[in-house]
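Asks: Taking UniProt numbering, the leading residue of the sequence shown gets 1, the next gets one more, and so forth. Idealized CB from N, CA, C, for every residue including glycine. Keep in mind that this is a model prediction, so the values were computed, not measured.
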Amino acid sequence: MHKVLVLVGSLRSGSINRKLAGALEKLSSDRLAFTYAKLGDLPLYNDELWNDPPAAVTKLKADIEAADAVLFVTPEYNRTYSSIIANALHWGSRPYGKNSWSGKPAAITGASPGAIGTAAAQALLRSVVLHLDSVVMGQPELYLQVKEGLIADDHTITNEGTEKFASGWINAFADFIDKHK
Ligand code: FNR
1 MHKVLVLVGS LRSGSINRKL AGALEKLSSD RLAFTYAKLG DLPLYNDELW NDPPAAVTKL
61 KADIEAADAV LFVTPEYNRT YSSIIANALH WGSRPYGKNS WSGKPAAITG ASPGAIGTAA
121 AQALLRSVVL HLDSVVMGQP ELYLQVKEGL IADDHTITNE GTEKFASGWI NAFADFIDKH
181 K
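Structure representation (structure tokens):
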């Protein structure tokens with residue numbers, strides 16, 4: 001069983017990205033154990049705070065380092081990934097020389113009501129996560145357009161084809177972790 005730290009880039013209680021993360025958790029529960037980073041507890045990045053680092057920051061870095069892999073589930077805001085994800089990336093990358101993301105197996109996905117299903121956001125996020133020296137799964141890719149009812153409250157994906165594709169994707173990530181852990 002691989003430990004996966006999940007970073008959901010939305011704080012909304014009704015977040016479709018949180019629903020997608022829950023669906024992926026359910027589809028891989030025999031291979032992956034998810035824990036969810038509390039990105040809402042992080043202060044906005046401020047270099048001065050390293051003088052006395054906030055507990056949420058030290059916890060994030062420890063959680064990244066203890067995980068076998070990280071999974072980013074991002075909304076798309078104005079054709080990029082959310083500021084909540086950006087803030088977590090910055091905190092995890094510092095202090096200089098202590099980049100917690102380095103060498104970490106990672107995968108990126110996201111959900112939007114829009115037809116491109118976070119493709120623009122994911123492309124930008126991928127370039128930054130690669131810069132941070134994580135080992136990012138290139139294929140397959142999962143861009144999800146989420147309409148009302150696609151993911152039920154119990155995190156079941158109600159469309160059979162979509163469920164099969166999502167299952168293949170998260171199992172490919174489990175295989176990727178097997179290889180790169
Ligand atoms: C959006 N949304 C959006 N959707 C998209 O597909 N491409 C985009 O560029 C944007 N831009 C955008 C900007 C801002 C400021 C907001 C608030 C929203 C819509 C977005 O995908 C939608 O609100 C999702 O439901 C957000 O994800 P969560 O919170 O449901 O996980």
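#1: Comparing C-alpha positions only, which one of Lys181, Ser93, Leu142 and Ile177 sits nearest to alanine 21?
#2: Can you tell me the Cα-Cα spacing of arginine 31 and histidine 180, whole angstroms?
#3: Quick check on the burial criterion: 16 or more other C-beta atoms within 10 angstroms. Buried or exposed for tyrosine 96?
#4: Can you tell me whether proline 105 is buried or exposed, with buried defined as 16 or more other CB within 10 angstroms of its CB?
#5: Which ranges does the alpha helix (DSSP H) cover as unbroken runs of at least 4 residues, wholly within the segment 22-89, from first to last along the chain?
#6: With a threshold of 8 angstroms, are at least 3 pairs of Cβ atoms found where one atom belongs to the segment 37-44 and the other to the segment 103-120?
#7: Is glycine 114 close to ligand 1? I mean its beta-carbon at under 7 angstroms from any heavy atom of the ligand.
#8: What's the gap between the Cα of threonine 58 and the Cα of glutamate 148?
Replies: Straight from the coordinates:
#1: Stepping through the sequence shown from its first residue, residue 21 is reached at position 21. It is Leu142.
#2: To locate residue 31, count along the sequence shown from 1; it is residue 31. To locate residue 180, count along the sequence shown from 1; it is residue 180. C-alpha separation (whole angstroms): 15 angstroms.
#3: Counting from one through the sequence shown, the residue named residue 96 turns up at place 96. Its Cβ having fewer than 16 others within 10 Å, tyrosine 96 is exposed.
#4: Here residue 105 refers to the residue found at position 105 when the sequence shown is read from its first residue. With 16 or more Cβ atoms within 10 Å of its Cβ, proline 105 is classed as buried.
#5: 55-66
#6: no
#7: Here residue 114 refers to the residue found at position 114 when the sequence shown is read from its first residue. Because some heavy atom of ligand 1 lies under 7 angstroms away, the Cβ of glycine 114 counts as near it: yes.
#8: Numbered from its first residue, the sequence shown carries residue 58 at position 58. Numbered from its first residue, the sequence shown carries residue 148 at position 148. Between threonine 58 and glutamate 148, the C-alpha separation is close to 37 angstroms.
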